[in-house]
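> Before I ask anything, let me first share the structure, which is written out below as structure tokens.
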Amino acid sequence: MVLRLTGELNVDALREAIHDLARRHETLRTVFREADGTPYQHILEGDAARPTIEVVTTDREQVRQRVAEAGRHAFDLVNELPLRVWLFRTAPDEHVLLLLAHHIVSDGWSTDPLSLDLSVAYAARCAGAAPQWEPLPVQYADYTLWQREILGDESDPESLISTQVGYWQEQLAGIPDRLELPTDRPRPAVAGYRGEDVDFAFDAELHEGIMRLAREHRASVFMILQAGLAALLTQLGAGSDIPIGSPIAGRTDDALEDLVGFFVNTLVLRTDTSGDPTFAELVDRVRETDLAAYAHQDVPFERLVEIVNPTRSLAHHPLFQVMLVLANKAEGDFAMQGLEVSDDEFTSFAAKFDLTFHIAEQHTPDGAAAGMTGALEFATDLFDRSTARELTARLERLLRAAVADATRPLTELDVLGAAERHRILVEWNDTAHPVPAATLPELFQAQAARTPQAAAVEDGATVWTYAELNARANRLAHHLLAQGVGPERVVALALPRSADLVTAILAVLKTGAAYLPVDPDLPADRVTRMLASASPVGVVTHRKIVGELPSTPGAVRVLVDDPATAGALEARPATDPTDADRGTPLLAAHPAYVIYTSGSTGVPKGVVMPGGAMVNLLAWHAQAVPGGPGRRVAQFTAIGFDVAVQETLSALLHGATLVIPPDDIRRDAAAFTRWLEAQGINELYAPNLVIDAVAEAAAEQGSGLPALSGIAQAGEALVLSGQLRDLYAGEPRRRLHNHYGPTETHVVTSYALPAQVADWPAVPPLGGPIWNTQVYVLDAALRPVAAGVPGELYLAGSQLARGYLDQPRLTAERFVANPFGEPGRRMYRTGDLARWRADGRLEYLGRADDQVKVRGFRIEPGEIETVLAAHPSVGQAAVVVREEAPGGKRLVAYLAPAGAAVPDTAELKAHLAGRLPEYMVPSALVVLEALPLTPNGKLDRRALPAVDFAAAASSRAPRTAHEESLAAIFAAVLDLPRVGIDDSFFDLGGHSLLATKLINRVRTEMGVELSIRAVFEAPTVAALAERVVGSKKRARPALRPMPRSGK
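In case it helps, my numbering puts the sequence shown at residues 11 to 1057.
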């Protein structure tokens, strides 16, 4: 309690009045001691019961800081009274009084009797007398004995406490371990409990609507607020099982009203929002749940935790992380003789929970609604102030919609304000930009005319200028046109990465047809399926490859390395084909290529990409990743992947030189890195794992790759490893671009990392949409979700493919109507999870089906991979879930070393444990020479080796005397026959109360003082033994019961 006192203060009278408070309330002069491991209360008398009052002179500017510092005082409840008082003098007639009572002896409802008694006592002491007040009917000790008698013993199945425990066991079964909240930052491994608050208010109209709805449903105002908060959290991605904590006064008898004591209990109110009920139906559900909870309110919250025994974590509060507090007790006027007294609101800068909504009702003298005031206390480890403020605004919007029409389903109660909706749908998608009204062939031909003698492509000793490449492509195009190739047709290119392949790509584009890349290294079965599906009218290939291809009835075969073909091509014109040659105008909507991707059924599906999409992408690319004549671009990507289109055409349409590395060099990171330097490569397009391998090899070779000024990463989530940061350190001209886009759209978002590595984020975002594209983060009902809320990513605009070749049903499933665009427009459903950041950039959260749940926690493996990759000994990392038996899911991390030394797995586990919640630390770490890759350089998760958990299971016996003692203590406390040194205390059924017993046993039997936190951070015998060995704090002398008289 903080009071600002203005006027002439009698400090001596105040000291005696404070002492009077302790005399009147036994709780304020009680210390807590221990005998034989059992705590007991000891009530002090006389001068020993006089609370400490510290008088401090300070100035007005510093008083808030001084109050905050004093508020963090740590009580020694064994020797120190649980009430401590500070008086801060800021002027002769101006003071701030802080009464700090430990929560073990006081609750929020104790403020009224405490302030009333202080007022009476101060007035009496100013008059030179002792306060005259009615004796208290009971003391807190009487209450505890009375409560024990009423509740009975849990061992008695007929007792009240046993009945209530049974209720909570059923009510809280299967409760979520943690709510998924729209945080601004990842949850730290250990909650810091740092907090701030933001104020908010509901006007009288909304207040009246809430009261009316409560009357109609025979519910309380609190129940309406709880239903609104649960509905809001559901809309913000927390799920449909919403546990909310709420304090209940616990003063169930009139005799307790004037006592100072800790009567309050915390109830876990579990709200079921499943099935999209109407708000009225949700209120009815809440009413039934809350009334039942009130009827079983006597079970202490600590016992609830013990009953449910959730997975322990230092990262969050157990059972619930959101609290709702409605202050509906009357606020009385507080006066002190001769002084003007006012409550002073000092920010505590602490947050016990992720979010705590404090709301108070205001009423007119006749009891009518006069509005509500509130404060949202939020954990600053998780939330920004702007996010907290937006949460309160969303709650208000939802409640207004609910009281206006409670018959609407929850999904129709919109939490987005008009401004936020406009920002998400319009402002962040304002990407309109003019692009050339030209086709891909025309753009290449224009570039060839501008730089005819510049090198266009290098393939080993083969170097062709733009003029030569254009002429070769033209002759092949005319040859294909003569065979009936043209728009809306497909030509397969079964060629290795080579200058011939580049020529063939340009030739097919010049005919107006779509090219189908067929990687010769693909399995024969997949090639057969692709060609059967695409029905190409032509196949361009080499003599040594043609014999391995399946038959393609009706398709002309062109062997570009055959002398006969060479002669035929020489006879074709070298001029650019025209629409007259094609027999129809070449349009932006005509397909440019068909690329096959894996299908969920195992049958590949062909994505048909129109030329206009590529014109848009390449026009954007020209300004986003500046290139041009003189630049050298590596053609790294396998031809069957869309990135190969981007790297090839972005070079050739803008005057750069496309340089093709030999396959044996391309597959060897060290050799490829040497090749990059020798060739003076300026631009590289590659997946994250390849870029990491190049960075590592460059470090080993002592090469800074001075010519390399731009890297574009696509195909995987970008992880900013240590070696990648090292590659960019001191190279501000070198830029790293994070591109995102599935094959069905190619690139749709981009983020250029800052020039200075020090400014790089821990997790790079996807960025924002490129020119003429739109991105939407939607819920299951295709409604936009608020910033910070996970949803499925939908893509629209110029980058959309036409669909899947000859698969109209699948096309209709994935390419759906765009409700935010013009009629007839479509959007693509990616299956990726993302969320908007407050700055309008997208954050990738993984595939919807990649999210895993282990031990009740929802986990993104990518987050663990990021932390692993940050360790200097780790070059690459991948985290998967293995389930050797139903319900036995375990996280396994696979990693490749950053150098020659094999990473120390124990050190890595400690590295993870210090940065992630315990449940995110993998059960096993598997070190491989290199992570397996697919042909296009992506991680091949199916090739990761299985782990023999049975062989790794903890069966190790104690190795040292300390481990032997701890194993025995673990077994005794947990009531188990034996415990292995690697078994987790909490996995074996331990909880915080048993952890206290464990610490007491360690203190008594081993003479070492450990904290409760030590058990959480080192929950195994082996880990805790290290703490024991390293502990310099010896156990304090054992306490003994002291004689006492009276109660």
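Note that CB positions come from ideal geometry on N, CA and C, so glycine has one too.
Whose C-alpha, out of Ala565, Leu663 and Leu855, is nearest the C-alpha of Ala459?
Residue 459 sits at position 449 when you count from the first residue of the sequence shown. Cα-wise, what sits closest to Ala459 is Leu663.
> Between the beta-carbon of Arg641 and the beta-carbon of Asn692, is there less than 8 Å?
Here residue 641 refers to the residue found at position 631 of the sequence shown. Here residue 692 refers to the residue found at position 682 of the sequence shown. In this structure, Asn692 lies closer than 8 Å to Arg641 by Cβ.
> Determine the burial state of Gly377: buried for a count of at least 16 other Cβ atoms within 10 Å of its Cβ, exposed for fewer.
By 1-based counting over the sequence shown, the position of residue 377 is 367. Answer is exposed; the Cβ neighbour count stays below 16.
> Glu657 and Leu776: beta carbons closer than 8 Å?
Mapped onto the sequence shown, residue 657 falls at position 647. Mapped onto the sequence shown, residue 776 falls at position 766. Contact: no.
> Measure the alpha-carbon distance for Met1052 versus Pro61 and round it to whole angstroms.
Translated into positions along the sequence shown, residue 1052 becomes position 1042. Translated into positions along the sequence shown, residue 61 becomes position 51. A caution first: Met1052 carries a pLDDT of 33, below 50, which makes its placement in the model unreliable, though a value can still be read off. Looking at the two C-alpha atoms, the distance is approximately 21 Å.
> Using C-beta distances below 6 Å, list every residue in its chain close to Tyr750, excluding the 5 sequence neighbours before and after it, in chain order.
On the sequence shown, position 740 is the one that residue 750 refers to. Closer than 6 Å at Cβ, skipping near neighbours: Thr759 and Leu776.
> Hey, Val413 and Ile252: beta-carbon distance below 8 Å or not?
Here residue 413 is taken as the residue at index 403 of the sequence shown, counted from 1. Here residue 252 is taken as the residue at index 242 of the sequence shown, counted from 1. Result no, Cβ atoms of Val413 and Ile252 do not sit closer than 8 Å.
> In the DSSP assignment, what residue or residues form a beta bridge with Asn748?
Your numbering for residue 748 matches position 738 in the sequence shown. In DSSP, Asn748 forms a bridge with Gln723 and Tyr761.
> For Gly736, which residues of its own chain have a beta-carbon under 8 Å away from its beta-carbon, when the five flanking residues on both sides are left out?
On the sequence shown, position 726 is the one that residue 736 refers to. One point to set straight first is that residue 736 is Asp, not Gly, in the sequence displayed. So the list reads Ala705 and Ala709, once near-sequence residues are dropped.
> Quick check: the Cα distance between Gly872 and Asp391, rounded to an integer number of angstroms?
Locating residue 872 in the sequence shown gives position 862, where the first residue counts as 1. Locating residue 391 in the sequence shown gives position 381, where the first residue counts as 1. Using only the alpha carbons, I get a separation of about 20 Å.
> Once you ignore the five residues that flank Thr16 on each side, which residues in its own chain have a CB closer than 7 Å to its CB?
Along the sequence shown, one-based indexing puts residue 16 at 6. Contacts found: Asp103, Glu104, Leu349 and Glu350.
> Identify every run of the beta strand (DSSP E) within the segment 653-683, keeping only runs that are complete inside it and at least 3 residues long; order them along the chain.
Within the segment 653-683, the complete beta strand (DSSP E) runs of at least 3 residues are 667-670.
> So Leu943 packs on Leu878, CB below 8 Å; how close in whole Å?
The count along the sequence shown starts at 1 and reaches residue 943 at position 933. The count along the sequence shown starts at 1 and reaches residue 878 at position 868. At roughly 18 Å, the Cβ-Cβ gap does not stay under 8 Å, so Leu943 and Leu878 are not in contact.
> Using the Cα positions of Ala248 and Arg857, report the straight-line distance between them to the nearest angstrom.
Translated into the one-based positions of the sequence shown, residue 248 becomes position 238. Translated into the one-based positions of the sequence shown, residue 857 becomes position 847. Spanning the two alpha carbons is a distance of roughly 18 Å.
> Alpha carbon to alpha carbon, how far is Ala211 from His217?
As a working note, residue 211 is residue 201 in the sequence shown. As a working note, residue 217 is residue 207 in the sequence shown. Rounded to whole angstroms, Ala211 to His217 spans 10 Å at the Cα level.
> Contact defined as beta carbons within less than 8 Å: I believe Thr783 pairs with Leu805. What is the distance between those atoms, to the nearest angstrom?
Here residue 783 is taken as the residue at index 773 of the sequence shown, counted from 1. Here residue 805 is taken as the residue at index 795 of the sequence shown, counted from 1. Indeed they touch by this definition, with Cβ atoms about 7 Å apart.
> Just how far apart, CA to CA, sit Glu580 and Arg485?
Stepping through the sequence shown from its first residue, residue 580 is reached at position 570. Stepping through the sequence shown from its first residue, residue 485 is reached at position 475. Between Glu580 and Arg485, the C-alpha separation is close to 7 Å.
> Going by the CB atoms, is the gap between Leu109 and Val130 shorter than 8 Å?
For the purposes of this step, residue 130 is identified with residue 120 of the sequence shown, where counting begins at 1. For the purposes of this step, residue 109 is identified with residue 99 of the sequence shown, where counting begins at 1. Contact flag unset, no.
> Going by DSSP, name the residue or residues bridged to Asn698.
Here the question's residue 698 lines up with position 688 in the sequence shown. For Asn698, which the question treats as bridged, DSSP gives no partner whatsoever.
> By how many angstroms is the C-alpha of Arg1023 removed from the C-alpha of Leu659?
The sequence position of residue 659 within the sequence shown is 649, counting from 1. The sequence position of residue 1023 within the sequence shown is 1013, counting from 1. Going by the C-alpha atoms only, they are around 58 Å apart.
> If you run the structure through DSSP and keep just helix, strand and coil, what is Val65?
Residue numbering aside, residue 65 sits at position 55 when the sequence shown is read from its first letter. DSSP places Val65 in strand when its eight states are reduced to three.
> Give me, in chain order, the residues of the same chain whose beta-carbon lies closer than 7 Å to that of Val729; leave out the 5 immediate sequence neighbours on both sides.
Taking the sequence shown and counting its residues from 1, the one referred to as residue 729 is at position 719. Asn698, Glu875, Thr876 and Ala879, listed in sequence order.
> Once you ignore the five residues that flank Ala963 on each side, which residues in its own chain have a CB closer than 6 Å to its CB?
Taking the sequence shown and counting its residues from 1, the one referred to as residue 963 is at position 953. Per-residue confidence for Ala963 stands at a pLDDT of 40, beneath the threshold of 50, marking its modelled position as unreliable; no derived number is given.
> Which residues in the same chain have their Cβ closer than 7 Å to the Cβ of His972, if we skip the five residues on either side of it in sequence?
Looking up residue 972 in the sequence shown gives position 962. These residues qualify, in order along the chain: Ala1035, Val1038 and Val1039.
> Between which two residues does the beta strand (DSSP E) containing Ala325 stretch?
Sequence index remark: in the sequence shown, residue 325 carries index 315 (1-based). Premise fails: Ala325 is in no beta strand (DSSP E) and is neither H nor E.
> When you compare only the Cα positions, how much space is there between Gly612 and Val518?
As a first step, residue 612 must be located in the sequence shown, where it is residue number 602. As a first step, residue 518 must be located in the sequence shown, where it is residue number 508. Any reading at Gly612 needs caution, since the residue's pLDDT is 46, under 50, leaving its predicted position unreliable; the model's value is listed next. Computed Cα separation, rounded: 29 Å.
> Extract the residue ranges of the beta strand (DSSP E) inside the segment 67-130, only unbroken runs of 3 or more that lie entirely within it.
Taking only runs of at least 3 residues, the beta strand (DSSP E) segments lying wholly in the segment 67-130 are 93-101 and 104-111.
> Under the assumption that Gln331 contacts Arg188 (Cβ atoms under 8 Å), give the Cβ distance between them as a whole number of angstroms.
Translated into positions along the sequence shown, residue 331 becomes position 321. Translated into positions along the sequence shown, residue 188 becomes position 178. Confirmed, Cβ separation roughly 6 Å.
> The alpha helix (DSSP H) spanning Leu409 covers which residue range?
Numbered from 1 along the sequence shown, position 399 holds the residue referred to as residue 409. It spans Arg395 to Ala414 - the alpha helix (DSSP H) in which Leu409 sits, taken as one unbroken run.
> Around the Cβ of Tyr786, are there at least 16 other Cβ atoms within 10 angstroms (buried) or fewer (exposed)?
Counted from its first residue, the sequence shown places residue 786 at position 776. With 16 or more other Cβ atoms within 10 Å, it is buried.
> Please determine if the segment 767-781 and the segment 666-680 are in contact, where contact requires at least 3 C-beta pairs separated by less than 8 Å.
No contact exists between the segment 767-781 and the segment 666-680.
> Hey, how far is the Cα of Leu329 from the Cα of Pro320?
Against the sequence shown, residue 329 aligns to sequence position 319. Against the sequence shown, residue 320 aligns to sequence position 310. Taking the straight line joining both Cα atoms gives about 7 Å.
> Start and end of the alpha helix (DSSP H) containing Arg536?
Position 526 of the sequence shown, counted from the first residue, corresponds to residue 536. That run of the alpha helix (DSSP H) goes Ala534 to Ala544.
> Consult DSSP for Gly850 and reduce its assignment to one of helix, strand or coil.
Along the sequence shown, read from residue 1 onward, the residue named residue 850 stands at position 840. In the structure shown, Gly850 sits in coil (DSSP, three-state: anything other than H, G, I, E or B).
> Assign Pro480 to one of two classes, buried (16 or more other C-beta atoms within 10 Å of its C-beta) or exposed (fewer than that).
Indexing the sequence shown from 1 puts residue 480 at position 470. For the record, residue 480 in the displayed sequence is Asn; it is not Pro. Buried, since its Cβ has 16 or more Cβ neighbours within 10 Å.
> So the candidates are Pro800, Gln372 and Leu38; which of them puts its Cα closest to the Cα of Gly56?
What you label residue 56 is simply residue 46 of the sequence shown in a count that begins at 1. Selected option, being the one with the closest Cα: Leu38.
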